[in-house]
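Here the structure is laid out as structure tokens; the discussion comes afterwards.
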Amino acid sequence: MFVKVLQSLIFGLFQGCLYGIMGFGLSLIFSTVGVMNFAHGNSGMIGVFVGWTVLFLTKNIFLAFLAAIISATILAIFIDKALMKRVKGLSHSAMLIITLGLLLIFEGLAVIIWGTQPLIFPEIFGFSPKIVFLPQSLNKSNIPLIIPGNDLAVFGTIMALLLLLIVFFKYSKPGLAVQARSEDEIGARVIGINTQATDTLSWIFGIATAVFAGLLIAPKTTVNPNMLTNLQFYGFTAAVFGGFSSIVGAMAGGLILGVIEKLVILGLDELFLLLHITSINAVDLQLSIVLLCIIVTLIVKPTGLFGNKYKGKV
Amino acid sequence: MLKCKNILIKFGGLIAVNQMNLEVKRGTIHSLIGPNGAGKTTLFNAISRLIEVDDGQIEFDGISILEKKPYNLIRYGIARTFQNLQLLPYQTVQENILAAIIYQWKGTIFDSMLGFHNKFMKDAEEKAYQAAKLFGIQNRLGSVVGSLPYGIQKKVELARTLIADPKILLLDEPAAGLNNEETAELDEILLSIKNKGITILLVEHDMNLVMRISDLVTVMNFGKFVASGKPEEISQNPEVIKAYLGSSYGT
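Same order as they appear, the protein sequences are chains A and B.
Under numbering that gives the first Met the number 0, residues 0 to 313 are what the first sequence spells out, in order.
Under numbering that gives the first Met the number 0, residues 0 to 250 are what the second sequence spells out, in order.
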């Protein structure tokens, strides 16, 4: 059992860091600009397609990453300056509908340009999985523990990115400005913060992290127009779980969500085995578990696990 | 120091400020009064560039501020508070006060990470402490602002404006929500700010406070200029009495 739990933890952390990085982008945009970006996953998907195209043409993975991040930046600036700036402060619904429109437009564009056929994206790290047998005292059934090398490398990369983001938001003036703007737009403006620039920066960071997550999972999911649709949903859950007002909240929420998801699946598997239920596969309940997490979080702690609790208390 | 010339501000068909003129002299406390809806806060918002004017000119120290970016006004020495507080609710009192001078730090992210900003931050923290002390909130520096009572939050906002070394303070109803004791304390604080050479433009409904501390008072009604003068002149002005103060005031 210990090995199974450990295995679930490993897989859970890998899944969770992806949920977290998507949640981070969503919550960053939501807390500054004030809109839930429904086109988040698809914006990331466009960037991944651009990266795939550059990789196809140059065979250079670094150029592919660079092109993908540059395309994310251009896309973010376009969304902020050409679309959102015009309706910002006028109507929240209008902003929301624009992101819904973009969701459909990006999907349509991807289908027109790259087609619906899944495109293969090569492994970025190329580590092979390791099989480990823990000592007999911990592993009576002698079950192998799988250490997925690539997944661990992805996990490490995302954690390193998170560290960079924390340093940026804690130590740099633009980072602090984004934080201040997310708490109070007018208050930030009167103390000398260019809130238009912070909004643009939030869009850039938000979409760039979605592209980054997309590139890291592309070897598993293939590159296709729907590759980030589910991950966006899980990212949203991570942000709700961790709290929209905390920079690290979504990330931590994602990791916890990933681990809970895998542990619950393991628990249900064992339960079904015990009860001789063979008609239900616990993995099929993955989405239900995530939805349940949202409902429980919203009931027990609406601000999320790491969310600030002082808003509105005057 | 601050000149508003023929300001016109419209919200759709509604004229909120109509050909309004205002001149604030350096080193004075100048109060802007008028009934609710007179256009005082709208004029304040125009001066602090939160809204656009439809016509007119606003000059500060000879510079047209309508051509400046709103977030740059603090660099020219214009700071303000709000009728409804605009603080950073999740940050501490100290962080809120410090936020108003962070823009003065010219270093990079690497300078910050390597600790080169320590000297700047030490000086800034000392300034924040002194500003907080002026308002008697130095013991609250570590408290998260959103959890504090309204009166203390008001003081945090005032301390924040002061730390940015402003030339002029635009104070929008600083006495609102304060009890009598706190309002009396505010008298002294505003006069001490004035004695430091900082000009104050004050919007306030507490007439006793206005009449006690103002050097000049300008009255607005329905977006228009009604009168301007010393407090004693204003309190005797029949037009002002009719428009705002009520016929029994001063009798």
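We put the CB at the ideal spot given by N, CA and C, even for glycine.
Being a predicted model, the structure only gives us computed values, none of them experimental.
Please decide whether residue i counts as near chain A, where near means a Cβ-Cβ distance under 7 angstroms.
i: alanine 252 of chain B; result: With chain B running from 0 to 250 in the structure shown, residue 252 of chain B is simply not present.
i: glycine 249 of chain B; result: The predicted position of glycine 249 of chain B is uncertain, since its pLDDT is 47 and thus under 50; a value taken from the coordinates is nonetheless stated next. Answer no: the Cβ-Cβ gap between glycine 249 of chain B and chain A never drops below 7 angstroms.
i: methionine 252 of chain B; result: Residue 252 of chain B is absent from the model: chain B starts at 0 and stops at 250.
i: proline 69 of chain B; result: yes
i: leucine 31 of chain B; result: no
i: arginine 79 of chain B; result: yes
Buried or exposed, going by whether 16 or more other CB atoms sit within 10 Å of the CB of residue i?
i: serine 287 of chain A; result: exposed
i: glutamate 172 of chain B; result: buried
i: glutamate 184 of chain A; result: buried
i: proline 128 of chain A; result: exposed
i: arginine 74 of chain B; result: exposed
i: glutamate 187 of chain B; result: exposed
i: tyrosine 70 of chain B; result: buried
i: aspartate 150 of chain A; result: buried
i: threonine 115 of chain A; result: exposed
i: alanine 81 of chain A; result: exposed
i: proline 134 of chain A; result: exposed
i: proline 224 of chain A; result: buried
i: alanine 127 of chain B; result: buried
i: leucine 297 of chain A; result: exposed
i: histidine 275 of chain A; result: exposed
i: phenylalanine 61 of chain A; result: exposed
i: valine 92 of chain B; result: buried
For residue i, go through chain A and note every residue whose CB falls closer than 7 angstroms to its CB, in chain order.
i: isoleucine 101 of chain B; result: Lys172 and Leu175
i: serine 47 of chain B; result: Val189
Contact criterion: CB-CB distance below 7 angstroms. Does residue i meet it with respect to chain B?
i: asparagine 193 of chain A; result: yes
i: serine 258 of chain A; result: Rather than serine, the amino acid found at residue 258 of chain A in this sequence is valine. Chain B contact via Cβ: absent.
i: lysine 300 of chain A; result: no
i: lysine 312 of chain A; result: At lysine 312 of chain A the pLDDT is 36, less than 50, meaning the model places this residue with poor confidence and gives no usable figure here.
Please look up how many angstroms separate the CB atoms of residue i and residue j, rounded, as I've assumed it's under 8 angstroms.
i: leucine 169 of chain B; j: arginine 79 of chain B; result: 4 angstroms
i: phenylalanine 48 of chain A; j: valine 222 of chain A; result: 6 angstroms
i: phenylalanine 120 of chain A; j: alanine 217 of chain A; result: 4 angstroms
i: leucine 144 of chain A; j: valine 153 of chain A; result: Between valine 153 of chain A and leucine 144 of chain A the Cβ distance is about 18 angstroms, and since that is not below 8 angstroms, they are no contact.
i: glutamine 152 of chain B; j: leucine 84 of chain B; result: 5 angstroms
i: alanine 253 of chain B; j: phenylalanine 221 of chain B; result: Any property of residue 253 of chain B remains undetermined from this structure, which presents chain B solely from 0 to 250.
i: valine 218 of chain B; j: glycine 33 of chain B; result: 6 angstroms
i: leucine 137 of chain A; j: phenylalanine 37 of chain A; result: So it is not a contact: roughly 46 angstroms between Cβ atoms.
i: glycine 205 of chain A; j: glycine 19 of chain A; result: Wrong, their Cβ atoms sit about 14 angstroms apart, outside the cutoff.
i: alanine 158 of chain B; j: alanine 183 of chain B; result: So it is not a contact: roughly 18 angstroms between Cβ atoms.
Please list the partners that residue i has in chain A, where partner means a Cβ-to-Cβ separation under 9 angstroms.
i: leucine 86 of chain B; result: Glu182, Asp183 and Gly186
What residues match up with residue i in a beta bridge as DSSP calls it?
i: alanine 78 of chain B; result: B/Leu168
i: leucine 144 of chain A; result: A/Val131
i: phenylalanine 115 of chain B; result: DSSP lists no partner for phenylalanine 115 of chain B.
i: serine 63 of chain B; result: B/Glu58
i: serine 227 of chain B; result: B/Thr217
i: lysine 241 of chain B; result: Answer is none; lysine 241 of chain B lacks a bridge partner.
i: isoleucine 253 of chain B; result: Past the boundaries of the shown model lies residue 253 of chain B; chain B is included only from 0 to 250, so the question cannot be answered.
i: glutamate 51 of chain B; result: DSSP lists no partner for glutamate 51 of chain B.
i: glutamate 22 of chain B; result: B/Lys2
i: threonine 91 of chain B; result: B/Val143
i: lysine 9 of chain B; result: B/Ile14
i: valine 202 of chain B; result: B/Leu31 and B/Asp171
i: valine 222 of chain A; result: A/Leu118
Residues of chain B with CB closer than 9 angstroms to the CB of residue i, please, in chain order.
i: alanine 249 of chain A; result: Within 9 angstroms Cβ-Cβ: nothing; alanine 249 of chain A doesn't reach chain B, min ~16 angstroms.
Quick one: which chain A residues come within Cβ less than 8 angstroms of residue i?
i: glutamine 93 of chain B; result: Chain A residues near glutamine 93 of chain B: none, gap ~14 angstroms exceeds 8 angstroms.
i: isoleucine 73 of chain B; result: Val189, Ile190 and Gly191
i: arginine 139 of chain B; result: Near arginine 139 of chain B there are no residues of chain A at all, since even the closest Cβ is about 14 angstroms away, more than 8 angstroms.
i: isoleucine 159 of chain B; result: Looking at the sequence provided, one finds arginine at residue 159 of chain B rather than isoleucine. Residues of chain A passing the Cβ test: Ile190.
Please compile the residues from chain B whose C-beta is within a distance smaller than 7 angstroms of the C-beta of residue i.
i: alanine 179 of chain A; result: Leu87 and Ala98
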